[in-house]
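Protein sequences, first through last, are from chains A and B.
When the letters of the first sequence are read in order and numbered with the working numbering, they come out as residues 55 to 168.
When the letters of the second sequence are read in order and numbered with the working numbering, they come out as residues 7 to 121.
Notes follow the structure.
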Amino acid sequence: GAVVSQHPSRVICKSGTSVKIECRSLDFQATTMFWYRQFPKQSLMLMATSNEGSKATYEQGVEKDKFLINHASLTLSTLTVTSAHPEDSSFYICSAREGPETQYFGPGTRLLVL
Amino acid sequence: AQSVTQPDIHITVSEGASLELRCNYSYGATPYLFWYVQSPGQGLQLLLKYFSGDTLVQGIKGFEAEFKRSQSSFNLRKPSVHWSDAAEYFCAVIRGTGGGNKLTFGTGTQLKVEL
Chain A
55 GAVVSQHPSR VICKSGTSVK IECRSLDFQA TTMFWYRQFP KQSLMLMATS NEGSKATYEQ
115 GVEKDKFLIN HASLTLSTLT VTSAHPEDSS FYICSAREGP ETQYFGPGTR LLVL
Chain B
7 AQSVTQPDIH ITVSEGASLE LRCNYSYGAT PYLFWYVQSP GQGLQLLLKY FSGDTLVQGI
67 KGFEAEFKRS QSSFNLRKPS VHWSDAAEYF CAVIRGTGGG NKLTFGTGTQ LKVEL
């Protein structure tokens, strides 16, 4: 299957700082990528849909000014958690859509905000 | 709204035994159906998918799933479980091409394999 990478795999930051997470499709081009958040022992919650060359579409209840998404190329989407707080600590997973319906997922980024 | 139900939160099987993980969906038409596996601290790996055609779908790692329209189910099976299959399994659906390609996930089933 297609490969999606994320960087960094884990990050620890101080409260109030911003953290950028990169999501790359390594062997295919993805006009659409997705960002998910996963709490411990829970399912994935879709945060936003990232479209290359246009603004991201956020799910209800997700603060777009808090979670900035940029999809500048067909292989890269970034999620920036701005002014991070401890409640933003979570496992963030991206996916890239290949073909009409199939998503391939990155390995995830574990964020810990102190 | 569409939903996905995985009735079993935890399942424990012995290595070598057969496995069936249940998944039910609620949607009028046939959605696109997926099974993903997540190992601890990892992202999700696609095991198999069903869009149309043969209702018995073969996936990677020896898994298969059967779509049963009458039961709105898409259960995952494996005839002989290996210890390395211990992981979290998620069933997911997309509501056809008009669904914006958004995946709706079930709550997951944690599989434990006893040696």
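Just so it is clear, CB atoms sit at the ideal spot from N, CA and C, and this is done for glycine as well.
Run through DSSP, which three-state label would residue i get?
i, result
"residue 120 (chain B)", "strand"
"residue 106 (chain A)", "coil"
"residue 76 (chain A)", "strand"
"residue 141 (chain A)", "helix"
"residue 157 (chain A)", "strand"
"residue 149 (chain A)", "strand"
"residue 128 (chain A)", "coil"
"residue 114 (chain A)", "coil"
"residue 67 (chain A)", "strand"
"residue 57 (chain A)", "coil"
"residue 92 (chain A)", "strand"
Check whether the Cβ atoms of residue i and residue j lie closer than 8 Å to each other.
i, j, result
"residue 58 (chain A)", "residue 162 (chain A)", "no"
"residue 137 (chain A)", "residue 91 (chain A)", "no"
"residue 78 (chain B)", "residue 32 (chain B)", "yes"
Identify which residue in the options has its Cα closest to the Cα of residue i.
i, options, result
"residue 120 (chain A)", "A:152, A:107, A:135, A:130", "A:135"
"residue 165 (chain A)", "A:133, A:153, A:152, A:149", "A:133"
"residue 100 (chain A)", "B:119, B:116, B:98", "B:98"
"residue 125 (chain A)", "A:65, A:111, A:138, A:115", "A:111"
"residue 75 (chain B)", "B:29, B:47, B:53, B:69", "B:29"
"residue 83 (chain A)", "A:146, A:72, A:127", "A:127"
"residue 93 (chain A)", "A:75, A:76, A:141", "A:141"
"residue 73 (chain B)", "B:67, B:61, B:65", "B:61"
"residue 67 (chain B)", "B:15, B:77, B:35, B:83", "B:83"
In its own chain, which residues sit with a C-beta less than 6 Å from the C-beta of residue i, not counting the 5 before and 5 after it?
i, result
"residue 50 (chain B)", "42, 44"
Starting from the C-beta of residue i, find all residues in its chain whose C-beta is less than 8 Å away, skip the five residues before and the five after it, and write them out in chain order.
i, result
"residue 157 (chain A)", "88, 149, 150, 151"
"residue 81 (chain A)", "56, 57"
I'd like the list of long-range same chain contacts for residue i, defined as Cβ closer than 7 Å, with 5 residues on each side in sequence excluded.
i, result
"residue 18 (chain B)", "118, 120"
"residue 57 (chain B)", "38"
"residue 85 (chain A)", "105, 106, 128"
"residue 36 (chain A)", "Chain A is shown from 55 up to 168; residue 36 (chain A) falls before or after that span and cannot be answered."
Subject >> Any beta strand (DSSP E) of 3 or more consecutive residues that is wholly inside the stretch 31 to 97 of chain B >> reply: 38 to 44, 50 to 56, 62 to 64, 70 to 74, 79 to 84
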